[in-house]
Amino acid sequence: MSQSNGAQSYESDISSKRAEVLAELRSLLANLEDCLATLKKLEELEKRQPTSLRNIENQVAPLLDHFRTSLFMFLRSRSDVMSLEDLTFMK
């Protein structure tokens with residue numbers, strides 16, 4: 001019976017960690033959406049007030065670098081509870 005309780009505890013722990021992972025993924029997605037919204041605003045500004053493409057790139061690049069770094073760190077830290085298949089097929 002204790003093996004059954006241990007298995008249930010393990011499954012509960014994994015489910016809890018997966019819920020944390022999903023919350024972190026939602027946060028990362030929100031960061032990406034912020035990056036995309038900023039890019040869209042910059043594109044609209046470009047149409048109204050022409051500036052150099054380099055200026056836009058300099059403003060957007062740090063946002064995308066931060067997102068990429070955050071995503072990489074997240075994936076490395078959570079490989080114990082989620083496989084790449086889980087991440088690939090998650091909606």
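Going by the numbering used here, 38 is the number at position 38 of the sequence shown; the sequence numbering is gapless.
Built from N, CA and C at the ideal position, the CB exists for glycine as well.
Glu-33 and Leu-22 have their alpha carbons spaced roughly 16 Å apart.
Rounded to whole angstroms, the Cβ separation of Phe-74 and Glu-24 is 6 Å, and the two are in contact under 8 Å.
When secondary structure is reduced to three states using DSSP, Pro-62 falls in the helix class.
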